[in-house]
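Residue numbers (the working numbering): 15 to 96.
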């Protein structure tokens, strides 16, 4: 599956504990990554960290659109948070 165009839900819903460009402490769940532009495109795509590079869009994770992706990824985040 390809990512939904202009989605960015995977850059908003989950907590990312590793350092990101311009976010050296990572980001909390539900916080928009500072590296997303106004159209939810990654501005550091070529330099994105492994945690971002290794994410793969899947139907059961991303649903049919941004709203479903945000809900599904958010639910996974809650289910796996400590």
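Ideal Cβ positions, reconstructed from N, Cα and C, are used throughout, including at glycine.
Bear in mind the structure is a predicted one, so any value in this text is a computation, not a measurement.
The DSSP-derived three-state label of residue 26 is coil.
Within the same chain, Cβ atoms closer than 8 Å to the Cβ of residue 29 are found at 40, 41, 42, 43, 91 and 95, the five residues on either side in sequence being excluded.
Cβ atoms of residue 37 and residue 76 stay farther apart than 8 Å, at about 22 Å. In this structure, the alpha-carbon of residue 31 lies about 12 Å from that of residue 45.
At the C-beta level, residue 88 and residue 50 stay beyond 8 Å of one another.
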